[in-house]
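Reading through the structure tokens given below for one structure.
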Amino acid sequence: MIFRLFLCVYVFLLSVECDPRAEEGYPRGFMSVCPGSTKPASIPRSQLKYLYFVVQGKGRTRQTYNYWDAKNIATDPRIDFRRKTVVVAIGYLDSTSFPISGMFANEYEARGYNVILIDNQRFATVHYYLASRLMRPVGKHVAEILVELTKAGLDPAKTELIGFSLGGQTVSYIARNYQNMAGKNISRITALEPAGPCFRTLSSQERLDASNADFVQVIHTNIDGYGMATRMGHVDFYVNGGEFQPADLNLFPCTSTCSHFRVLTLWLSSMKNPRKFIALKCNSIQEARDAACYKEHPVTNVMGDSVNVNNHGIFYLSTSKMFPYYLGKNGLKPEYASWRRISDINEGNETEVYT
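According to full-length UniProt numbering, the sequence shown is numbered sequentially starting from 1.
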């Protein structure tokens, strides 16, 4: 009997030790597996006219091209390939006429970038599990246009891709196909809360991965809900542990949808306040979840455009609960953490008020 008990305990400990999820924690997350998620998908040529490329220039003026005439972007007066170029991929149920894309476009335009918005609304407003598959051919066809623009002067070393949620996975397909077609890397990818549903169980060759560009920055704010816990970039920021974000109003918790979308205001704030979002390097994703990355001599990095591209790793980023959210150097101090362990809070009170 004792031997059987010892054997059971040994097998249990061995299974925990060997579980590959130990690095990122054990929650499986929302919609980890989707029907047909590994099946190939294609877009009929007759439907490619619904894949749009929107160029935004000074004064927020816009010109829209479809797939068949998108090579004319090279001669658009708003475009100057001597400048940097940003390509923005929309998310699920999104459109380039909605505020999210406008937020990206306006910010990058103000910084002097060429701005190209990918409007694949036709393919992103179907059932989600199908939309997630359709982003593969969308990425391929967008890459085809970028290759044509490269022939006309687009410099991949000056080209960045940015996407939120489903768009955070779409940029992977754009970059990977561009690599295969052009034999060159896109300079940078910024993936804001890349979608986890239907992507969690896919291999690194079928979703966002650090190999997709010269530098990939990923920001996680709802890893077990609409986001994804896996490290996918050269630098991954787990904001307040990456699971949920602190609510602006105490009476209304910031649950999955709120936490998922919080990444947008965090990114906008980081653009307006460079080098203010200071993060701590962690040894594992589980450490980031637990806010267990505080050290006497921490290794740090900053979230946003000012990120140190040579300082790779997993980073825990603490924020305040109110816009503009950054803590600056106070983010390196555990007493300023938005999420504190209940035991720590109890120790600071004469009467235990949390159970």
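Every residue, glycine too, gets a C-beta built ideally from N, C-alpha and C.
Keep in mind it's a predicted model, so treat the numbers as computed, not measured.
Counting only residues of its own chain and dropping the five nearest sequence neighbours on each side, residue 118 has a CB closer than 7 Å to the CB of 53, 87, 88, 89, 90 and 142. Boundaries cannot be given for residue 277, as no beta strand (DSSP E) includes it and DSSP labels it neither H nor E. Excluding the 5 residues flanking it on each side, residue 254 has same chain C-beta neighbours closer than 8 Å at 244, 245, 246, 247, 248 and 262, in chain order.
Going by DSSP, residue 200 is part of no alpha helix (DSSP H) at all; its letter is neither H nor E. By the Cβ criterion, the region 189–196 is not in contact with the region 271–279, since fewer than three pairs of Cβ atoms, one from each stretch, lie closer than 8 Å. About 7 Å separates the beta carbon of residue 178 from that of residue 147, a gap short enough to meet the 8 Å contact definition. Each residue's CA atom was taken as its position, placing residue 36 and residue 228 some 19 Å apart. Around residue 333, the same chain offers 294 as residues with beta carbons nearer than 8 Å, after the five sequence neighbours per side are excluded.
Uninterrupted beta strand (DSSP E) stretches at least 3 residues long and entirely within the region 173–220 occur at 186–192 and 213–220, given in chain order. Counting along the chain, residue 142 sits inside the alpha helix (DSSP H) bounded by residues 128–151.
Short of 6 Å from the beta carbon of residue 132, and not among the five residues preceding or following it, lie these beta carbons of its own chain, in chain order: 198. The residues 129 and 198, in chain order, have a CB closer than 6 Å to that of residue 34 in the same chain once the five nearest residues on each side in sequence are set aside. Judged by their CB atoms, residue 169 and residue 109 are not nearer to each other than the 7 Å cut-off. The beta carbon of residue 30 sits closer than 6 Å to the beta carbons of 197 and 225 from its chain, once the five residues preceding and following it are set aside; these are given in chain order. For residue 117, no alpha helix (DSSP H) encloses it; the enclosing beta strand (DSSP E) starts and ends at 114–119. Collapsing the DSSP output to three states places residue 314 in a strand.
Between residue 270 and residue 313, the C-beta gap is not smaller than 7 Å, which leaves the two residues out of contact. Considering only 290, 176, 38 and 167, the residue with the shortest C-alpha distance to residue 218 is 167. Rounded to the nearest whole angstrom, the C-alpha separation of residue 66 and residue 45 is 12 Å.
If you draw a straight line from the Cα of residue 75 to the Cα of residue 83, it comes to about 14 Å. According to DSSP, residue pairing for residue 63 in a beta bridge involves 55. Leaving aside the five residues that flank residue 77 on each side, the residues in its chain whose CB is nearer than 8 Å to its CB run, in chain order, 57.
Taking 7 Å as the cut-off, the beta carbon of residue 189 is found closer than this to the beta carbon of residue 216. Boundaries of the beta strand (DSSP E) harbouring residue 160: 159–164, taken from the DSSP string. In the three-state reduction of the DSSP assignment, residue 69 falls in the helix class. Contact check for residue 213 against residue 180 fails: the beta carbons are separated by 7 Å or more.
Taking C-beta atoms under 8 Å as the contact rule, residue 157 and residue 171 fail to qualify, at a distance of about 17 Å. Counting along the chain, the unbroken alpha helix (DSSP H) around residue 108 starts and ends at 99–110. Only residues of its own chain outside the window of five on either side were considered, and among them 276 and 278 have a CB closer than 8 Å to the CB of residue 328, listed in chain order.
Relative to residue 59, the option among 32, 85, 281 and 115 whose CA is nearest is 115. Distance check between residue 95 and each of 121, 104 and 79 places 121 closest, using alpha-carbon atoms only.
Shown here, residue 170 sits in a helix according to DSSP, grouped into three states. Looking at the DSSP output, residue 89 bridges to 118 and 163.
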